[in-house]
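Structure record follows, encoded as structure tokens.
2 protein chains.
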Amino acid sequence: MDMEQAKIPQATAKRLPLYYRFLNNLHSQGKLRVSSKELSEAVKVDSATIRRDFSYFGALGKKGYGYNVEYLLSFFRKTLDQDETTRVALIGVGNLGTAFLNYNFTKNNNTKIEIAFDANQERVGTEVGGVRVEHIDQLEEKIGDLSVAILTVPASAAQGITDRLVEAGVSGILNFTPARINVPSHIRVHHIDLAIELQALVYFLKHYPLNEPETEEDQ
Amino acid sequence: MDMEQAKIPQATAKRLPLYYRFLNNLHSQGKLRVSSKELSEAVKVDSATIRRDFSYFGALGKKGYGYNVEYLLSFFRKTLDQDETTRVALIGVGNLGTAFLNYNFTKNNNTKIEIAFDANQERVGTEVGGVRVEHIDQLEEKIGDLSVAILTVPASAAQGITDRLVEAGVSGILNFTPARINVPSHIRVHHIDLAIELQALVYFLKHYPLNEPETEEDQ
DNA sequence: TTAAGTATGTGAAAACTTTAACGACTTCTG
DNA sequence: CAGAAGTCGTTAAAGTTTTCACATACTTAA
Ligand SMILES: NC(=O)c1ccc[n+]([C@@H]2O[C@H](COP(=O)([O-])OP(=O)(O)OC[C@H]3O[C@@H](n4cnc5c(N)ncnc54)[C@H](O)[C@@H]3O)[C@@H](O)[C@H]2O)c1
Ligand SMILES: NC(=O)c1ccc[n+]([C@@H]2O[C@H](COP(=O)([O-])OP(=O)(O)OC[C@H]3O[C@@H](n4cnc5c(N)ncnc54)[C@H](O)[C@@H]3O)[C@@H](O)[C@H]2O)c1
Numbered sequence: 001m002d003m004e005q006a007k008i009p010q011a012t013a014k015r016l017p018l019y020y021r022f023l024n025n026l027h028s029q030g031k032l033r034v035s036s037k038e039l040s041e042a043v044k045v046d047s048a049t050i051r052r053d054f055s056y057f058g059a060l061g062k063k064g065y066g067y068n069v070e071y072l073l074s075f076f077r078k079t080l081d082q083d084e085t086t087r088v089a090l091i092g093v094g095n096l097g098t099a100f101l102n103y104n105f106t107k108n109n110n111t112k113i114e115i116a117f118d119a120n121q122e123r124v125g126t127e128v129g130g131v132r133v134e135h136i137d138q139l140e141e142k143i144g145d146l147s148v149a150i151l152t153v154p155a156s157a158a159q160g161i162t163d164r165l166v167e168a169g170v171s172g173i174l175n176f177t178p179a180r181i182n183v184p185s186h187i188r189v190h191h192i193d194l195a196i197e198l199q200a201l202v203y204f205l206k207h208y209p210l211n212e213p214e215t216e217e218d219q
Numbered sequence: 001m002d003m004e005q006a007k008i009p010q011a012t013a014k015r016l017p018l019y020y021r022f023l024n025n026l027h028s029q030g031k032l033r034v035s036s037k038e039l040s041e042a043v044k045v046d047s048a049t050i051r052r053d054f055s056y057f058g059a060l061g062k063k064g065y066g067y068n069v070e071y072l073l074s075f076f077r078k079t080l081d082q083d084e085t086t087r088v089a090l091i092g093v094g095n096l097g098t099a100f101l102n103y104n105f106t107k108n109n110n111t112k113i114e115i116a117f118d119a120n121q122e123r124v125g126t127e128v129g130g131v132r133v134e135h136i137d138q139l140e141e142k143i144g145d146l147s148v149a150i151l152t153v154p155a156s157a158a159q160g161i162t163d164r165l166v167e168a169g170v171s172g173i174l175n176f177t178p179a180r181i182n183v184p185s186h187i188r189v190h191h192i193d194l195a196i197e198l199q200a201l202v203y204f205l206k207h208y209p210l211n212e213p214e215t216e217e218d219q
């Protein structure tokens, strides 16, 4: 548990993977250096915010020059522990679960779904996206030492499965169900609530009008 | 454009759909009233925050009593424009797009995907989750007056499709691609970046340890 | 060498968000 | 009906995040 760096603001921490991805892009394009201004345009985060974010880790750049892409990339690779693959479990191989299993998170992320569980006998024993689907009854036996789970079961099953995941040693859950699950205080749950995101977008559109309605040519 | 209510904090606005959903649940359960404390336990938002959020809309509750579920529900139904169905388009009927098409957002949300587009001829003409899939070449002709789009195409296609959506009159985009798209300033884009959410969860687990490692019985 | 140009890192301010605390009023109980 | 209990709405404080603005230091090119 790397504690030497503990008070990076949460808002900053959430942006790190985004920076990392775009640095990877720049690197693949052969770019050797980048300024906070350029990065700002790419990731759509204010350049002062980017400089501030980076500064929490020390002086990563050089005045008058910007940041060395290779150096920054390798710094973030370490910071984000991208040298070791993070292995996760997925529970609920339905519509959403299947989509995730078919997606290669390892691409620029070094995270891999290792095993999946479902209650539906027809799914059990098959492979989806190269991942074996086990029966949910075998959760405790087969989950091994995985500490992160993606939850894509029906809302009604969410709390029960969560309790079992916690008991089985999982410490982080990415919850896609609409249920707000109860967990002991040492377990971290992140909610991704797609229906709410959609509804919020619609609300903002109606109630938070942006600038100019239109003027023929923009952007 | 309902302007009478314009300075509700964004953080509050984002929680409204969550409140609305849980009020619906309570209502189905036949509950007549609810306190900010009960609601707090259900949605996992501090009760003071809930009271503060509600207070932006006036005095919705009664001291010593709490909130009347039916009243609150109908208030939020109006506030969130849930009386009219919001119709949206989906672009990219792949793994993720298919999952969304098979999901019934209308359940407690009154949002409906009306039409889908894809570049793959084999998909065009089929129905997925009851939604007709059209060819992307027909986007401009068939999108009609829809003003919200869900973007689930490959990242490489994201900017091109976005430009066409904007030109076709769409004003809100829910972007699931890892691309950070450019839009004129009057267009609203919300990003849902699943790979980043997963990576951020992993980062938080490693670097932001929560309380007690464990003590046998919790929660 | 020097001058012009560039871009960082950060102090300070501003903006936004959450949380604590409590007076005021309502409901409940006996 | 009176006192106890409950709960809101809000003032004020604390905490978090973003943004401004600039001294400083490096780069570039002549
Ligand atoms: N599909 C979407 O677009 C979408 C959108 C928003 C929210 N969600 C939420 O995501 C979750 C999954 O959605 P979905 O569309 O994939 O649903 P789904 O019904 O397609 O898939 C659920 C899967 O979980 C399995 N399952 C059921 N009970 C189980 C249990 N006890 N243990 C293990 N597996 C079990 C089912 O067999 C099924 O394969 C739901 O909670 C849903 O509300 C989905
Ligand atoms: N599946 C996941 O779990 C997941 C996770 C994170 C991010 N994403 C992102 O979501 C997006 C979609 O992912 P996916 O897994 O569904 O991909 P996918 O390849 O399964 O689906 C993409 C679909 O878009 C269609 N398409 C391609 N070009 C098009 C165009 N110009 N116009 C219209 N349609 C076009 C393809 O025919 C295909 O059906 C991608 O950008 C991906 O990076 C997906």
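Read top to bottom, the protein sequences are chains A and B.
The first sequence runs contiguously to residue 219 in full-length UniProt numbering.
The second sequence runs contiguously to residue 219 in full-length UniProt numbering.
Cβ coordinates follow ideal geometry from the N, Cα and C atoms, glycine included.
Have a look at residue i and residue j and give me their C-alpha separation to the nearest angstrom.
i	j	result
Val202 (chain B)	Glu197 (chain A)	22 angstroms
Pro178 (chain A)	Asp193 (chain A)	6 angstroms
Thr12 (chain B)	Gln121 (chain A)	43 angstroms
Val45 (chain B)	Ala200 (chain A)	17 angstroms
Gln10 (chain B)	Arg52 (chain B)	13 angstroms
Phe100 (chain B)	Gly97 (chain A)	12 angstroms
Tyr56 (chain A)	Lys7 (chain A)	9 angstroms
Gly30 (chain B)	Lys37 (chain A)	55 angstroms
Lys107 (chain B)	Ser35 (chain A)	47 angstroms
Gln159 (chain A)	Gly92 (chain A)	13 angstroms
Ala155 (chain A)	Tyr65 (chain B)	30 angstroms
Gln219 (chain A)	Ile181 (chain A)	The pLDDT assigned to Gln219 (chain A) is 33, lower than 50, so where the model puts this residue is not dependable, and the model offers no usable value.
Met1 (chain A)	Leu205 (chain B)	Because the pLDDT of Met1 (chain A) is 41, which lies under 50, any placement of that residue in the model is unreliable, and the number read from its coordinates should be weighed accordingly. Approximately 9 angstroms, taken between the alpha carbons.
Asn95 (chain A)	Thr152 (chain A)	9 angstroms
Sorted by chain position, which residues of the same chain lie with C-beta nearer than 6 angstroms to residue i's C-beta, five sequence neighbours on each side aside?
i	result
Pro184 (chain A)	none
Ala89 (chain A)	Ile115, Ile143, Leu146, Ala149
Glu140 (chain A)	Ala168
Leu187 (chain B)	First, the amino acid is wrong: residue 187 (chain B) is Ile here, not Leu. These residues qualify, in order along the chain: Val166, Ser171.
Arg87 (chain A)	Lys112, Glu114, Leu146
Asn110 (chain A)	Gln82, Thr85
Ser47 (chain A)	Ser36, Lys37, Ser40
Ala42 (chain B)	Phe22
Tyr20 (chain B)	Phe76, Leu80
Gly61 (chain A)	Tyr67
Ile136 (chain A)	Phe117, Ala119
With H, G and I counted as helix, E and B as strand and the rest as coil, what does DSSP make of residue i?
i	result
Arg180 (chain A)	coil
Met1 (chain B)	Confidence at Met1 (chain B) is low in this model, with a pLDDT of 41, below 50, so the placement of that residue is unreliable and no value is reported for it.
Ile113 (chain B)	strand
His186 (chain A)	coil
Leu39 (chain A)	helix
Leu174 (chain B)	strand
Glu214 (chain B)	Since pLDDT at Glu214 (chain B) reaches only 42, below the 50 mark, its modelled position is unreliable, and no value is offered.
His207 (chain A)	helix
Would residue i pass as an interface residue toward chain A - the criterion being a Cβ-Cβ separation below 8 angstroms?
i	result
Lys31 (chain B)	no
Asn68 (chain B)	no
Gly172 (chain B)	yes
Asn102 (chain B)	yes
Leu205 (chain B)	yes
Ala18 (chain B)	Rather than Ala, the amino acid found at residue 18 (chain B) in this sequence is Leu. Closer than 8 angstroms to some Cβ of chain A, the Cβ of Leu18 (chain B) qualifies, so yes.
Thr12 (chain B)	no
Ala42 (chain B)	yes
His27 (chain B)	no
Within a Cβ cutoff of 7 angstroms, which residues of the same chain sit near residue i, ignoring the five residues on either side of it in sequence?
i	result
Gln73 (chain B)	For the record, residue 73 (chain B) in the displayed sequence is Leu; it is not Gln. Around Leu73 (chain B): Leu23, Asn24, His27.
Arg77 (chain B)	Asp83
Any Cβ of chain B within less than 8 angstroms of the Cβ of residue i?
i	result
Phe199 (chain A)	Sequence check: residue 199 (chain A) is Gln here, not Phe. Yes, Gln199 (chain A) counts as interfacial toward chain B.
Tyr65 (chain A)	no
Arg123 (chain A)	no
Asn131 (chain A)	The residue asked about is misnamed: residue 131 (chain A) is Val in this sequence, not Asn. Output row for Val131 (chain A): interface = no.
Ala48 (chain A)	no
Ser35 (chain A)	no
Val93 (chain A)	no
Val148 (chain A)	yes
Asn24 (chain A)	no
Residues in the same chain with beta-carbon distance under 8 angstroms from residue i, minus the five sequence neighbours each way, listed in chain order, please.
i	result
Gln138 (chain A)	Phe117
Leu32 (chain A)	Asn68, Val69, Glu70
Phe105 (chain A)	Thr111, Lys112, Ile113
### alpha helix (DSSP H) runs wholly inside the segment 115–169 of chain A, at least 4 long, in chain order
As far as the segment 115–169 of chain A is concerned, its whole alpha helix (DSSP H) runs of at least 4 residues are 139–142, 155–167.
### Task
Write down every uninterrupted run of the beta strand (DSSP E) in the segment 45–97 of chain A whose length is 3 residues or greater and which is fully enclosed by it, in chain order.
Here the runs fully enclosed are 86–91.
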